[in-house]
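Down below is the structure, laid out as structure tokens.
Numbering (the working numbering), first residue to last: 550 to 830.
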């Protein structure tokens with residue numbers, strides 16, 4: 550199992566001034582860094598990332614759609630067109646940095662604040678947009694993942710069942726489900742059954758505390774999660790996601806600093822991996 554971390558543990562953006570995060574990840578012993586894409590993709594220093602990783606750290610990328618013009622589920626065809634292009638650009642940058650995986654809340658705009666159920670038109674627009682992105686990504690050897698998140702961040706995919714329906718509708722071999730224990734705390738009845746139901750369609754997992762703190766303490770049932778991993782034969786990418794103070798979703802200090810969070814999270818995860826017969830890497 551490959552273990553990594555989201556760059557937002559250190560900074561609210563990623564650019565030339567945050568390349569030190571790569572050094573921290575290598576020193577701590579992580580396998581990959583998840584680089585977050587914002588609205589301005591020109592900020593990503595592609596060659597500097599490649600040079601700094603120097604083959605010792607993998608890159609995985611993620612994003613959450615913040616702008617209406619990046620929303621593939623939009624009723625506006627011009628927005629859908631620009632959204633597909635934005636995601637294709639994310640895929641291209643992922644490939645240029647040597648990455649093989651892009652995932653996140655990519656299928657609708659974050660905090661769109663819809664009332665009622667998502668419409669069938671939104672489902673159709675979104676799945677068709679992601680299908681086009683996935684076909685483009687296939688040629689670059691990149692897989693595309695949809696992350697189910699809590700009801701306060703999106704109205705389309707909150708549960709494993711919804712994510713499975715979405716992936717089935719897209720019907721492309723390089724589209725997968727990205728699960729997160731933080732979001733599962735609110736949207737699922739337990740931790741074991743949803744992972745087992747999703748099965749091989751789940752290729753990426755965020756090991757997040759219920760408060761986005763260090764995994765271990767709190768209400769997340771880590772034994773259930775690792776038992777489910779074993780049941781489905783999951784041996785892919787898992788990592789830690791939190792956000793430093795100042796992020797639009799964080800209003801207090803959840804972690805002391807990125808390095809400490811990474812070290813403590815890795816220590817706990819290695820203990821769980823050993824318990825369930827996993828090795829890192």
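Think of the CB as a built atom: it goes at the ideal place given N, C-alpha and C, for glycine as much as any other residue.
Look at the alpha carbon of residue 552 and the alpha carbon of residue 698, and state the distance between them as a whole number of angstroms.
As a first step, residue 552 is located in the chain shown; it is residue number 3 there, counting from the start. As a first step, residue 698 is located in the chain shown; it is residue number 149 there, counting from the start. If you take the alpha carbons of residue 552 and residue 698, they lie about 21 Å apart.
Hey, how far is the Cα of residue 749 from the Cα of residue 695?
As a working note, residue 749 is residue 200 in the chain shown. As a working note, residue 695 is residue 146 in the chain shown. Each residue's alpha carbon lies about 14 Å from the other.
Just to confirm, does residue 572 get its C-beta within under 7 Å of one of the non-hydrogen atoms of the ligand ADP?
Judged by which ligands are present, the structure shown has none, so any question about the ligand ADP falls away.
Distance, residue 721 Cα to residue 684 Cα:
Position 135 of the chain shown holds residue 684. Position 172 of the chain shown holds residue 721. If I take the Cα positions, the gap works out to 7 Å.
Just mark residue 581 as buried or exposed, buried being the case when its beta carbon has 16 or more other beta carbons within 10 Å.
Position 32 of the chain shown, counted from the start, is the residue given in the question as residue 581. With 16 or more other Cβ atoms within 10 Å, it is buried.
Between the region 564–578 and the region 800–808, can you find at least three pairs of beta-carbon atoms closer than 8 Å?
yes
Within 10 angstroms of the Cβ of residue 733, are there 16 or more other Cβ atoms? Answer buried if so, exposed if not.
Translated into the one-based positions of the chain shown, residue 733 becomes position 184. Residue 733 is buried by the Cβ-count criterion.
Does the beta-carbon of residue 701 have 16 or more other beta-carbons within 10 angstroms, so that it is buried, or is it exposed?
Counting from 1 along the chain shown, the entry for residue 701 is found at position 152. Classification for residue 701: exposed.
Per DSSP, residue 695 forms a beta bridge with which residues?
Here residue 695 is taken as the residue at index 146 of the chain shown, counted from 1. In DSSP, residue 695 forms a bridge with 653 and 726.
Bridge partners for residue 754 per DSSP, in chain order?
Walking along the chain shown from the start, residue 754 turns up at place 205. Answer is 728 and 787.
Mind checking residue 735: buried by the 16 CB within 10 Å criterion, or exposed?
Reading the chain shown from its first residue, position 186 is the one you call residue 735. The residue in question, residue 735, is exposed, as its Cβ has fewer than 16 Cβ neighbours within 10 Å.
From residue 693 to residue 636, what does the alpha carbon distance come to, in whole angstroms?
What you label residue 693 is simply residue 144 of the chain shown in a count that begins at 1. What you label residue 636 is simply residue 87 of the chain shown in a count that begins at 1. Rounded to the nearest angstrom, the two C-alpha atoms are 10 Å apart.
Assign residue 664 to one of three DSSP states: helix, strand, or coil.
Taking the first residue of the chain shown as 1, we reach residue 664 at position 115. Coil.
Nearest to residue 743 by CA position, among 691, 614, 788 and 713, is which residue?
What you label residue 743 is simply residue 194 of the chain shown in a count that begins at 1. Nearest option by C-alpha distance: 713.
Check this for me: beta carbons of residue 703 and residue 661, under 8 Å apart or not?
By one-based count along the chain shown, residue 703 stands at place 154. By one-based count along the chain shown, residue 661 stands at place 112. Yes, they are a contact pair.
Cβ-Cβ distance between residue 671 and residue 709 below 8 Å:
Translated into the one-based positions of the chain shown, residue 671 becomes position 122. Translated into the one-based positions of the chain shown, residue 709 becomes position 160. Contact: no.
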